[in-house]
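What follows is a set of notes on a single structure, which appears directly below.
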Amino acid sequence: MGKKKASRQIQNSAAACPILPHLYLGPRTSASMEFVTRHHITEVLSIGSQPPSIIQGVIYHRLSLLDDMSSSIRSVSEDANNIIKAVGESPNRIILIHCSAAVSRSPTLVAAYLMKHCGMSLYDALARIISVRPAVCPNPGFLRQLRELEQDIFSSQTVHVDELPRTKKDRLRFFGGTVSPA
Numbered sequence: 041m042g043k044k045k046a047s048r049q050i051q052n053s054a055a056a057c058p059i060l061p062h063l064y065l066g067p068r069t070s071a072s073m074e075f076v077t078r079h080h081i082t083e084v085l086s087i088g089s090q091p092p093s094i095i096q097g098v099i100y101h102r103l104s105l106l107d108d109m110s111s112s113i114r115s116v117s118e119d120a121n122n123i124i125k126a127v128g129e130s131p132n133r134i135i136l137i138h139c140s141a142a143v144s145r146s147p148t149l150v151a152a153y154l155m156k157h158c159g160m161s162l163y164d165a166l167a168r169i170i171s172v173r174p175a176v177c178p179n180p181g182f183l184r185q186l187r188e189l190e191q192d193i194f195s196s197q198t199v200h201v202d203e204l205p206r207t208k209k210d211r212l213r214f215f216g217g218t219v220s221p222a
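Okay, so the sequence shown: first residue is 41 according to my numbering, each after it adds one.
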């Protein structure tokens, strides 16, 4: 692996990544003054944890969701979808969604949004997210609920595993680099 690629993957695990023009996904630490200011973030959606700091002029939302296989994502994903959709419909608004590490909870909610509001299959939603943030790996309970949501929306399923591969390399290989444009 080349130095640039390795550096980019290390950076991606520590910084937020753009998923859509109005939507960034990252860990709690990416809600810093420096990142929020540099990327013109106007809103922060915290899943479960408080952002590291409160920045004047930024709108904050917080939704509670435990990273537990038995936690239900249904009502939280509806609330998150409404927040993200409102940001996307308004010019010059950009939202950062984070949980502690941006591995399971916040990526799960972003995948649900991409399916429901961007018409992406679960496979395409996860491929898009994992292509920029390879550490992403929704817990098996969240993945099961995302598969059920996909079935409800599209009457089909595109991800036929109970859990994603354990390593970043295997997840990237699983999704084969096929990312549909938004």
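The beta-carbon is built from N, C-alpha and C at its ideal position, and this holds for glycine as well. The structure presented is a predicted model; accordingly, all values stated were derived computationally and were not measured.
In this structure Met155 touches Leu189 by the C-beta definition: roughly 6 Å separates them, less than 8 Å. For Ser70, the CB contacts under 8 Å within the same chain, skipping 5 residues up- and downstream, are Ala54, Ala55, Ala56, Tyr64, Leu136, His138, Ala142 in chain order. By the 16-neighbour rule on beta-carbons within 10 angstroms, Ile99 is exposed. A Cβ-Cβ separation of about 6 Å places Leu186 in contact with Thr148 under the 8 Å criterion. A contact is defined here as three or more CB-CB pairs under 8 Å, and the stretch 161-176 fails this definition with respect to the stretch 82-95. Note that the C-beta distance between His101 and Ile134 is not below 7 Å.
Boundaries around Leu149 are those of the alpha helix (DSSP H), 145-158, since no beta strand (DSSP E) includes it. According to DSSP, residue pairing for Leu60 in a beta bridge involves Leu63.
DSSP places Leu103 within a strand segment (E or B) once states are collapsed to three.
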